Amino acid sequence: MRYGASQSRPQWLLVGAGLAVVAATYLLLVLSRPSGLDQSPTANTGALIALAGYLIGAGLIIWGVARQFTTSTYALIPLAIAINIVIGEIVTLLKLPLYLDSIGTVLVGVLVGPWAGAATGGLANIIWGLFRAVPLPFAVVAIVIGLLAGLFARLGWFKRIYLVPIAGLLTGLVAALLSAPLSAFIFGGVTGGGTDALVAAFRAYGATLLQASTFQGLAADPLDKLISFVIVYFIVVALPPRVRSRFSQSGTTASQLPR
Amino acid sequence: MISLYQPRDSPIHRLHPLTKLTLSFGLIAVALGAPVDWAPLLLYVAVLVPLSYVAQVPGPFLSTSWRLLLPFAISLFLIQSFFFPEGTQILARLGPLTVKAEGVRFAFASTVRILLITGALLLTLLTTHPGLLMTGLVQKGFPPPLAYVVVTTLQIVPQMRERARTIIDAQRARGLETQGSLLVRMRALGPLVGPLVLGALLDVEERTLALEARAFSATSAKTSLYDLRDPAAERIARWAVVLGIAGLIAWRLLEALQ
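Protein chains in written order, with this note's numbering: chain A, 6 to 264; chain B, 9 to 266.
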């Protein structure tokens, strides 16, 4: 069931500008290394640039894709974000050493498309931000997770079960690299969780803070996204055909388990 | 609906939501753009805390603020004090570990930065009803479908939690192990996540019909139930703050590039 939307394509100018701002911020903070991380009095400059660049970039991308979806996609996105939040809580209840807080985002990316996944990720972090403020700067990371999940599905990677974990691994890799400067420049390299011990270990071996946050992300994110992607694969395969065929990109996924 | 909103009758509650949001980001920009690393603490104590009294929400403000800060502060002081390879000034020795002055200073700077960023946003969130926040943003050109998504999610989460609780109870009644070794707990994930997601996807069709029956995809301007006041003074103040933020970022950016 599809209804008309006011626009059918992203506003490429806005989306392109958003991606360019994020890329420029990343390159500036990671490759050219301004004086942000040393003990100079301008220690907050790195935080200011990271926060402004990532927030403006996320805003432009979300704005650029906001008006193009069908009504059923807008009906799906809140459910997907609630899935993110509630599965995150189930994982805490089961005391698993994972986050698994982007299953809904990946699901929308796979079933509807990359830009719907991107919008779901970005809005999910904005809504989390309404309670904890901390996830707000990481909206770009969530956008990229949804975007990549959708692109991998479009490339047919969700038709082959052995490609799904690889797609998850690659997405986790990008997420870890992208979130490292935020973590290092704004949050002093820590997340307030158990994986912070890794930061201490890497620092003890003389790594810079940015390197230590990157390594910490690489130790946690790829495995987490790998498991999320595999879970989404099994959910999509298990969907009744009547439900699956409602979503526009569902033709790019496997319809049954390999025998 | 889940939210941090505290209903009161204060001058801050009466400001236009966008004004509060802009001022929050302005305060964050000033704190991060200042050349001293204790500026965020000063602004928190001298601006945010008094404002929380004006808004009649000092209790929720301080408790939420510290609850959000605490895990970061503990991690920061533990890790950065002891593991700061760039540091040279040694304050104390504890066996093989050394506390370095630069590390403690870095932990302090990061802690007060997180305190100010979260505090500035918190004050807006505590004094603004999320529905009104979205109405205010839509009035200023924010895409209406996205406002729908935000408000609906806040309403769905409690229902979804309730559904998750039912599923957990049902599966436990059928003998599902939710405690034990890591493998056992991992295996419990499928029977819990599967029904939850499937149930949500089945809801989509019904919600789509309900939306279409209410002209969701109509492109004409829609009338809002709420009429938000937006005095000229607030509009001018917002533009001044936005220009100030842009100038500050440009200045800091040029300085960093040199």
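Backbone N, C-alpha and C define an ideal beta-carbon position, used for all residues, glycine too.
Please read these numbers as outputs of a predicted model, since none were measured by experiment.
{"query": "Beta carbon proximity, residue 257 (chain A) to chain B, threshold 7 Å", "result": "no"}
{"query": "Beta-carbon proximity of residue 123 (chain A) to residue 113 (chain A), cut-off 7 Å", "result": "no"}
{"query": "From B:152, B:169, B:71 and B:119, residue whose alpha carbon lies closest to that of residue 226 (chain B)", "result": "B:152"}
{"query": "Ranges of the beta strand (DSSP E) found wholly within the stretch 12 to 100 of chain B, counting only runs of at least 3", "result": "none"}
{"query": "Simplified DSSP assignment, three categories, for residue 148 (chain B)", "result": "coil"}
{"query": "Within chain A, partners of residue 118 (chain B) - CB distance below 7 Å", "result": "192 and 193"}
{"query": "Endpoints, beta strand (DSSP E) assigned at residue 107 (chain B)", "result": "105 to 108"}
{"query": "Chain-ordered neighbours of residue 37 (chain B) on chain A, where CB pairs are closer than 8 Å", "result": "53 and 57"}
{"query": "Nonlocal neighbours in the same chain, by C-beta distance under 8 Å from residue 12 (chain B), ignoring five residues either side", "result": "68, 72, 130, 133 and 134"}
{"query": "Reduced DSSP secondary structure (H/G/I, E/B, other) of residue 46 (chain A)", "result": "At residue 46 (chain A) the pLDDT is 46, less than 50, meaning the model places this residue with poor confidence; the figure from the coordinates comes in the next sentence. Reduced to three states, the DSSP call for residue 46 (chain A) is coil."}
{"query": "Where the stretch 127 to 154 of chain B meets chain A: residues whose CB sits under 8 Å from a CB there", "result": "129, 130, 133, 138, 151, 153 and 154"}
{"query": "Nonlocal neighbours in the same chain, by C-beta distance under 7 Å from residue 191 (chain A), ignoring five residues either side", "result": "52, 55, 56 and 142"}
{"query": "Among A:82, A:153, A:63 and A:135, the one whose alpha carbon lies nearest that of residue 109 (chain A)", "result": "A:82"}
{"query": "Alpha-carbon to alpha-carbon, residue 242 (chain A) and residue 259 (chain A)", "result": "6 Å"}
{"query": "7 Å Cβ cutoff met for residue 219 (chain A) and residue 185 (chain A)", "result": "yes"}
{"query": "Any C-beta of chain A under 7 Å from that of residue 219 (chain B)", "result": "yes"}
{"query": "is_contact[residue 264 (chain B), chain A] using C-beta, thresh 7 Å", "result": "yes"}
{"query": "Residue 27 (chain A) versus A:16, A:238, A:49 and A:64, residue with shortest Cα-Cα distance", "result": "A:64"}
{"query": "Three-state secondary structure assigned by DSSP to residue 102 (chain B)", "result": "strand"}
{"query": "Beta-carbon proximity check, residue 167 (chain B) vs residue 9 (chain B), cutoff 7 Å", "result": "no"}
{"query": "Coil, strand or helix - residue 251 (chain A) by DSSP", "result": "coil"}
{"query": "Proximity below 7 Å, CB of residue 23 (chain B) to CB of residue 124 (chain B)", "result": "no"}
{"query": "Near-chain A residues of the stretch 63 to 85 of chain B (beta-carbon distance less than 7 Å), N- to C-terminal order", "result": "76, 79, 80, 83 and 84"}
{"query": "Contact list for residue 97 (chain B) against chain A, beta-carbon separation under 8 Å", "result": "Within 8 Å Cβ-Cβ: nothing; residue 97 (chain B) doesn't reach chain A, min ~10 Å."}
{"query": "Residue 68 (chain A) classed as buried or exposed, judged by whether at least 16 other C-beta atoms fall within 10 angstroms", "result": "buried"}
{"query": "Given residue 150 (chain A) as reference, the closest of A:101, A:102, A:170 and A:230 once Cα atoms are compared", "result": "A:230"}
{"query": "Alpha carbon of residue 132 (chain A) to alpha carbon of residue 84 (chain A), nearest angstrom", "result": "13 Å"}
{"query": "Residue 156 (chain B) in three-state terms, based on DSSP", "result": "helix"}
{"query": "Outcome for residue 176 (chain A) when other beta-carbon atoms lying within 10 angstroms are tallied against a minimum of 16", "result": "buried"}
{"query": "Validate contact between the stretch 146 to 160 of chain A and the stretch 31 to 46 of chain B using beta carbons, cut 8 Å, 3 pairs", "result": "no"}
{"query": "Alpha-carbon to alpha-carbon, residue 93 (chain A) and residue 25 (chain B)", "result": "30 Å"}
{"query": "Chain B contacts made by the stretch 226 to 239 of chain A, where a contact means CB separation under 8 Å", "result": "236 and 239"}
{"query": "Residues that residue 83 (chain A) contacts on chain B, provided the C-beta gap is smaller than 7 Å", "result": "157, 160, 161 and 164"}
{"query": "Short CB-CB distance (under 7 Å) between residue 111 (chain B) and chain A", "result": "no"}
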